[in-house]
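Be aware that the sequence shown starts at 3, since it is given in our numbering, and climbs by one per residue.
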Amino acid sequence: MTLKLGVIGCGAIGREHIRRCSKVLQGAEVIAVSDINAQGARDVVNSLGLNAEIYADGMDVINAPQVDAILVTSWDPTHEAFTLAAVAAGKYVFCEKPLAMSAEGCRRIVDAEMTQGKRLVQVGFMRPYDSGYQALKKVIDRGDIGELLMLHCAHRNQSVAENYTTDMAITNTLIHELDVLRWLTDDDYKTVQVVYPRTTTKSHSGLKDPQIVLFETQKGIRIDVEIFVNCSYGYDIQCEVVGEDGIARLPEPSSIQLRKEARLANTILTDWKDRFIDAYDVELQAFINDVKADRLTGPSAWDGFAASVAADACLRAQQSAAIEPVSMPPRPSFYGN
Ligand code: NAP
């Protein structure tokens, strides 16, 4: 059976996901789309030659009886309402990060899903599907570098738009690290502090950039994450894990090494779509397969909630400059151990 998908949001990642579900992946077709900008939705349908119905309102995509599962790829503040509506309709939903704008919003989704009695929500945290992160996790889980002591990470973007604000460094950017570092270390955050180096002159007024976020985990691991969204040189994700027996680093994306004019050079990617292109493919193929098997296994609403609990503490730490606690309630058995 071909899974019939409805996609809400036809911006940058919406177009990418519609393309991969229609042209790259197996077992699904996009039959309904919606965007607040109807022309954007028409453009993607026409450019890919899809036979998909265009709806003015995302809620109508969710309620269309012929739609089996939903992808939410619209603007962050719309995620909670669309995901809750999909859960209420009993439909599987893949929601791009962040799951909601606050931990309370994520908790409402967790509660709605538990009331439905089965997992219906997957959050668009794709890094656990990246081959580099998977290799790093394997090294950690095998015990190759012993007990973990520290992680040094960086999330750098070339530049951001004028509407990108200081808090979005947490809710929109760091949110990926908040998920993947929990997964890598198999640990939860205990405290967080945010410190600000000098702001780059390349930042627009009102945006503090870079920022350094410092965590202590429940096991006592120390993590520092540099968020630098106007770094100029490229889109660069770094992660170095320090254990008591050795150090493991996230591999660099493969690129041609160029020896020329007395220089040795590697290309650095500039676009997140290229850096994680394979991970997005694997992530969405897994979602399609899992929905067809009636059993989700990817990042859950609980993972979305956990990342948002940490994000809320980071936002408090941005304001207070103090060390803020991250108060994570125990995981319900519904979400496994
Ligand atoms: P974008 O290019 O701004 O696209 C968002 C789209 O959603 C826009 O076309 C926007 O229309 C539309 N939209 C806004 N409100 C809507 C509504 N009520 N109903 C239907 N459509 C609506 O942003 P993007 O980069 O694609 O990001 C979309 C989401 O994906 C964000 O939540 C972002 O955090 C997430 N994302 C995840 C990753 C990842 O690595 N997992 C990467 C990129 C983005 P207008 O432009 O007219 O407002």
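Don't be surprised by glycine CBs; every beta carbon is placed ideally from N, CA and C. Please read these numbers as outputs of a predicted model, since none were measured by experiment.
When the distance is taken between beta carbons, is residue j closer than 8 Å to residue i?
| i | j | result |
| --- | --- | --- |
| Met128 | Phe278 | yes |
| Val243 | Leu153 | yes |
| Ala102 | Val194 | no |
| Ile72 | Lys99 | no |
| Ala250 | Ile147 | yes |
| Ala54 | Ile33 | yes |
| Ser24 | Leu5 | no |
| Met116 | Ala87 | no |
| Thr75 | His19 | yes |
| Lys210 | Thr168 | yes |
| Gln124 | Phe307 | no |
| Ile172 | Gln320 | yes |
| Ala324 | Ile177 | no |
| Asp132 | Pro301 | no |
| Ile142 | Leu186 | yes |
| Ala137 | Pro255 | no |
| Lys204 | Asn159 | no |
Is it buried or exposed, residue i, if we count other Cβ atoms within 10 angstroms and call 16 or more buried?
| i | result |
| --- | --- |
| Arg144 | exposed |
| Tyr57 | buried |
| Asp273 | exposed |
| Trp304 | buried |
| Ser335 | exposed |
| Val63 | buried |
| Arg184 | buried |
| Asp188 | exposed |
| Ser257 | exposed |
| Gly208 | exposed |
Taking the continuous beta strand (DSSP E) assigned at residue i, which residues delimit it?
| i | result |
| --- | --- |
| Ser76 | No beta strand (DSSP E) contains Ser76, which DSSP labels as neither H nor E. |
| Val123 | 123-125 |
| Leu260 | 259-262 |
Helix, strand or coil for residue i per DSSP?
| i | result |
| --- | --- |
| Cys12 | coil |
| Ile64 | helix |
| Pro253 | coil |
| Ser335 | helix |
| Thr193 | strand |
| Thr1 | Since the first residue shown for the chain is 3 and the last is 339, residue 1 is missing from the structure and cannot be characterised. |
| Gln160 | coil |
| Leu298 | coil |
| Ser36 | strand |
| Lys210 | coil |
| Ala54 | coil |
| Leu271 | coil |
| Val182 | helix |
| Thr187 | helix |
| Leu101 | coil |
Per DSSP, residue i forms a beta bridge with which residues?
| i | result |
| --- | --- |
| Cys316 | For Cys316, which the question treats as bridged, DSSP gives no partner whatsoever. |
| Met3 | DSSP, once it has assigned bridges, lists no residue as partnering Met3. |
| Tyr198 | In DSSP, Tyr198 forms no bridge with anything. |
| Gly245 | Leu150 |
| Phe307 | Paired residues: none, contrary to the question. |
| Arg17 | In the DSSP output, where bridge partners are listed per residue, Arg17 has none listed. |
| Phe96 | Leu73, Gln124 |
| Glu326 | Val194 |
| Val293 | Val293 is not bridged to any residue. |
List the endpoints of the continuous alpha helix (DSSP H) containing residue i.
| i | result |
| --- | --- |
| Val231 | Taken as a continuous stretch (DSSP letters only), Val231 belongs to no alpha helix (DSSP H), as it is neither H nor E. |
| Arg109 | 105-118 |
| Val47 | 40-50 |
| Val141 | 133-143 |
| Lys275 | 274-277 |
Quick check: does the Cβ of residue i come within less than 7 Å of any heavy atom belonging to the ligand COA?
| i | result |
| --- | --- |
| Phe278 | The ligand COA is not part of the structure shown, which contains the ligand NAP as its ligands. |
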